[in-house]
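See below for the structure under consideration.
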Amino acid sequence: MHKAQPAPLIESYLAARPDLVRFFTARLHSREAAEDLVQEMYERALRVPSDEIIANPMAYLYRLGSNLLLDRARYNGRRAARETAWSGLSGVRLGGVDIVDAPAADDALDARQRLHRLLAAAEQLPPQTRRAFQLHKLEGRSHAETAVVMGVSRSAVEKHISAALKFLLAKL
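Structure, rendered in structure tokens:
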């Protein structure tokens, strides 16, 4: 039984692998990155049909590596642009320094506890007043929308909201 011979491109790759690593290390300024690139070149070279004739396998390999290097540079550029856009939307920059635009953990916990106290106090409101408060303040409906949902006048909603706020301020 004969062992299958590697394709000429793979033979060229195996013979030139150390040179490829040196060449791309100089361009990437990182041996690890060059090793990764050269490994990806091998994976791509394996996909080339063994019966495909490549006139200059070495030129093909260097072109393949250069194209992969260019693809990585484009990908990294797009990724950096996305991250910059995201940080511009989600953060604040002060004096050239990124500042987290999220509340501190203890502030968030304090706010959550205040919200729980508010909701517990709202449970003590009379049913119609509680419903008006929930629709207007918690669900964000206007006075007119709240009136339609509750089947009462807008004036009645305003009175319920006013009563709810007075009660809750006194409780909290």
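Numbering (our numbering) for the sequence shown: 1 to 172.
Even for Gly, the Cβ is constructed at its ideal location relative to N, Cα and C.
Cβ-based neighbour list, residue i, same chain, cut-off 8 Å, excluding 5 preceding and 5 following
| i | result |
| --- | --- |
| Val21 | Arg31, Ala34, Glu35 and Val38 |
| Ala121 | Phe167, Leu168, Lys171 and Leu172 |
Residue i - DSSP class collapsed to helix/strand/coil
| i | result |
| --- | --- |
| Ala7 | coil |
| Asn56 | coil |
| His29 | coil |
| Leu119 | helix |
Buried/exposed call for residue i, threshold 16 Cβ in 10 Å
| i | result |
| --- | --- |
| Gly77 | exposed |
| Ala147 | buried |
| Gly151 | exposed |
| Gly65 | buried |
| Leu70 | exposed |
| His160 | buried |
| Ala45 | buried |
Close Cβ partners of residue i (< 7 Å) along its chain, the five nearest in sequence each way excluded
| i | result |
| --- | --- |
| Ser12 | Pro57, Met58 and Leu61 |
Residues of its chain near residue i, where Cβ-Cβ distance is below 6 Å and the 5 sequence neighbours each way are ignored
| i | result |
| --- | --- |
| Ile54 | Leu9 and Tyr60 |
| Ala163 | Thr129 |
| Ala7 | Ser50 |
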